[in-house]
Amino acid sequence: MRPYTPNLKPRTPNRTYQMRSVLQMFKGDRVIWVLLVLLTVYSGVAVASSVASLAYRDGGDVTIHIIRHIAFLAVGWGIIYIVHLIPYRFYSISATILLLASVGLLIFTLAKGMVLNDAARWIKIPGTGVTFQTSDFAKIALVIFVARFLSRNQTEIQDFKRGFLPVLLVIGVVCGLILPENFSTAFILFTTCLVLLYIGRVKVKYLLGLVGSGVLLVVVFLLIGRITGASTRAETWQNRIEHYFSKDDTSEAHFQSTKAKIAIANGGMFGKFAGHSTQRRSLPQAYSDFIFAIVIEEYGFIFGALPLIFIYLILLYRAGVIVRRCDRTFPAFMTIGLMIGLVMQAMVNMGVSSGLLPVTGQPLPWVSRGGTSILFTALALGIILGISRSLEEEAKVET
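Counted the way this note's numbering counts, the sequence shown spans residues 26 to 424.
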């Protein structure tokens with residue numbers, strides 16, 4: 026009879042255990058994580074197909090642009106993972122600092138910002154060559170500040186002087202600094218804050234007054250720009266609106282909108298399949314502002330438009346689920362504010378591509394080719410997932 030010899034080889038964990046260990050690293054709302062994976066897939070294939078015009082214009086290789094986009098997506102995933110580990114209380118503590126920093130950056134941008142596409146929206150990070158829109162940072166900073174203000178002033182928020190006026194001034198300053206060079210972003214941010222104020226129990230008559238003040242500010246800015254000729258952006262806004270309603274138009278904005286409509290019509294219900302878009306080479310900003318049209322041309326309404334629309338709507342729904350689980354107002358306000366801003370931006374982009382809205386220059390969040398815009402989107406999503414993770418941990422402690 027042979028003597029028993031024990032197997033001294035170390036056991037390798039099975040694949041199921043390894044997969045479970047990896048999944049446990051990603052805490053928070055699992056549905057949001059899955060939706061982010063789907064958006065990443067759409068982003069990768071759509072940008073890979075649509076950067077041909079960019080490569081031709083720059084005289085470069087398509088591969089370089091694809092690798093660059095994948096690199097930013099990878100960094101974005103890293104930001105989401107790191108930020109989702111940060112307790113949401115950190116943002117309450119740093120809300121004022123973030124707001125002041127954003128105001129300073131916006132002022133610097135107006136004075137010394139880089140001019141791209143006739144708009145001074147950009148700042149170059151010294152020593153890197155990387156540029157970013159300061160309004161992307163300001164959007165997050167203002168939502169965090171308004172969320173904290175509402176959570177701390179629920180007893181005074183219906184009082185005009187003590188509750189409403191202070192937050193009104195802050196919103197007015199930030200949106201007013203963004204407005205001269207980026208109307209669409211200022212509009213989205215203003216509307217997001219309006220929704221937050223409504224949820225935060227601000228009186229409706231105050232909100233109506235706020236809307237009236239916002240409209241008046243835009244009208245005054247347009248008039249000043251038209252009379253003095255000091256603001257080329259005011260002229261750009263007016264031209265885009267006029268071009269939108271004009272049928273006999275030869276402007277670039279009308280050309281872009283027409284090309285996008287052709288792409289959508291070519292796609293039909295089921296699309297022409299990946300890489301078979303015929304409009305991607307001639308449609309300006311096919312990889313950014315009009316990427317939704319390219320997605321529809323290649324994947325159709327069924328596999329392109331509907332899934333993307335539902336992904337963003339489900340993201341908004343999951344934000345609502347997180348809000349219902351919050352027993353504190355600050356994380357609830359912050360979650361709904363950040364997600365409304367992202368989803369509204371997505372709907373504006375889709376509306377422009379479909380010809381329902383004038384050209385705005387808003388990218389499709391996490392799908393369009395971009396650099397720092399992807400990173401700031403990652404920051405917002407990381408904060409939301411961090412709130413969800415904190416709620417799960419608090420629930421475990423209570424049980």
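Quick reminder that beta carbons are idealized off the backbone N, C-alpha and C, glycines included. Predicted model, so just to flag it, every value in this text is computed and none were measured.
In the structure shown, the three-state DSSP call for Gln310 is coil. Under the 10 Å beta carbon count, Arg114 is surrounded by fewer than 16 other beta carbons and is classified as exposed. Where Phe51 is concerned, there is no enclosing beta strand (DSSP E), because DSSP gives it neither an H nor an E. Secondary structure of Trp58 (DSSP, three-state): helix.
Around the Cβ of Thr134, a 10 Å sphere holds 16 or more other Cβ atoms; the residue is buried. Counting only unbroken stretches of 4 or more residues, the alpha helix (DSSP H) elements lying wholly within the segment 281–351 are 316–325 and 331–350, in sequence order. Note that the segment 321–331 touches the segment 294–312; at least 3 beta-carbon pairs, one per stretch, sit closer than 8 angstroms. The three-state reading of DSSP puts Ile182 in coil, since its state is none of H, G, I, E or B. Note that the segment 366–373 does not touch the segment 278–298; fewer than 3 beta-carbon pairs, one per stretch, sit closer than 8 angstroms.
If you look at Phe157, you'll find it in the beta strand (DSSP E) that goes Thr156 to Gln158.
The count of Cβ pairs closer than 8 angstroms, one atom from the segment 208–216 and one from the segment 169–176, stays below three, leaving the stretches out of contact. Under the three-state reduction of DSSP, Ile148 is assigned to strand. The C-beta distance from Ser282 to Ser393 rounds to 17 angstroms, too long to fall under 8 angstroms, and the pair is not in contact. Going by C-alpha positions, Val56 is about 11 angstroms away from Ile347. Taking all protein chains shown into account, Lys164 has 16 or more neighbouring C-beta atoms within 10 Å of its C-beta and is therefore buried. Contact check between the segment 198–208 and the segment 235–246: three or more CB pairs, one atom from each, fall below 8 angstroms, which counts as touching.
Burial of Asp161 is indicated by the presence of at least 16 other C-beta atoms within 10 angstroms of its C-beta. Judged by DSSP secondary structure, Arg226 falls outside any alpha helix (DSSP H); it is assigned neither H nor E. The Cβ atoms of Ile412 and Met359 sit closer than 8 angstroms to each other.
A check of alpha carbon separations from Trp391 across Met50, Val66, Lys52 and Leu125 identifies Val66 as the nearest. No residue range can be given for Trp391, since it is assigned to no alpha helix (DSSP H) and is classified by DSSP as neither H nor E.
Take the alpha-carbon of Leu222 and the one of Thr354: they are about 13 angstroms apart.
For a cut-off of 8 angstroms, the C-beta gap from Arg226 to Gln183 is around 7 angstroms, short enough to register as a contact.
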